[in-house]
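In this note's numbering, the protein residues as written are -1 to 213.
Here the structure is laid out as C-alpha cells; the discussion comes afterwards.
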Amino acid sequence: MQKLGKKSLKKPMKGFSKKNLKIPQDVGDDRCEETDELTVKEEVLEEALSEKTLKNELETVSLIEETLPTVPSVETPIQRDVSWLSSLEEIAPSVSRTDSGEGVLSIVNSSNGKRMKLSKPILELLGFPEKVRLMIHEEKKQLYICQCGDGEKGHVLKGKDVKNTLYSTDLVERLTQLFDLDYSSRTSRKIGSIKSSDEIDEQVMVCIHYPSQDK
C-alpha cells in the first residue's frame, strides 16, 4: 500500500475548489426576514403594553377623581347698591284686636256685636244650664252667675256645640263700666277668676272676681 507523504496532504481534492463552493443566497435572506419579523412583533407587543399601561393609568385617575369629594366653586358675590332701601317706609302689622290672656269670662265689645262667653269651668259648676241669672256687686267688683229655677227669667245661653254665650248690648256695657275695661286697642277681653261657688236654695252660684288692680 502506498504511503502518503506530507506534500500529498496539502494538495486540494479535486472538485472542491473555493470557486466551486457556492452558498445559497436565499438562506441569508430568510434569516434576515425572520429577524425583521421578530423586531416588528416586539415593537407591536411593546406598543400594546404601553397602550394597556396608559389605559390602566387613566382608569386609576378616573377612579381617584370619583372618590374625591367635590369642592364647590366659590363665586365672588356681586356688590349691589342697596342704599335706596333706606327711603322705603315699612307697613307694620296691625295690633291684635283680641285678648289671648287668661280669664274665665270673655267679653266682646265691637261694632259687629256685643257678647259675653262663659268658660268651661263656670259651665261645669253650673251644670251646663240653658239660661242663667246675673248679679253684680259694685263695691267689690264681683259678678255672680246663678242657675235659673223653674219659671225664673234669665239670660239665655246660645251656642252651636256648647251653649255658653250671652248676646246682650246692655250687659256688655254694664260690665265694661263695672270692671273699667279698655277696648281702645282690642275688641275682646278675657277677665276674672272664680272666687267661690256656693249652693243657695238648691241653686249653684258662682262668684267671678275682677278687681281693678288686676287689669
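Beta carbons: idealized from backbone N, C-alpha and C, even for Gly.
**Q.** Reference Q201, options E87, K50, P127 and Q145, closest by Cα
**A.** Taking the first residue of the sequence shown as 1, we reach residue 201 at position 203. Looking at the Cα atoms, Q145 is the closest of the given residues.
Q.
I want to know whether the stretch 186 to 194 touches the stretch 103 to 117 - three or more CB-CB distances under 8 Å.
A. yes
Q: Would you kindly work out how many angstroms separate the C-alpha atoms of D148 and F126, rounded to a whole number?
A: For this step, residue 148 is matched to residue 150 along the sequence shown. For this step, residue 126 is matched to residue 128 along the sequence shown. Their Cα atoms are separated by approximately 15 Å.
(Q) Classify L56: buried if its beta carbon has 16 or more other beta carbons within 10 angstroms, exposed otherwise. (A) On the sequence shown, residue 56 is found 58 positions in, with the first residue counted as 1. Exposed: under 16 other Cβ atoms inside 10 Å.
Q: Pair every Cβ in the stretch 75 to 90 with every Cβ in the stretch 130 to 145, then say whether three or more of these pairs are closer than 8 Å.
A: no
Q. For the candidate residues K139, F177 and E128, whose alpha-carbon lies nearest to that of K156?
A. Translated into the one-based positions of the sequence shown, residue 156 becomes position 158. With distances taken between Cα atoms, K156 lies closest to E128.
Q) Going by other Cβ atoms of all chains shown within 10 Å of its Cβ, with 16 needed for buried, is V160 buried or exposed? A) Counting from 1 along the sequence shown, the entry for residue 160 is found at position 162. Exposed is the call here.
Q | Among E197, M133, E122 and E49, the one whose alpha carbon lies nearest that of V152 | A | Counting from one through the sequence shown, the residue named residue 152 turns up at place 154. At residue 152 the sequence reads Gly, which differs from the Val that was named. The shortest C-alpha separation from G152 is found at M133.
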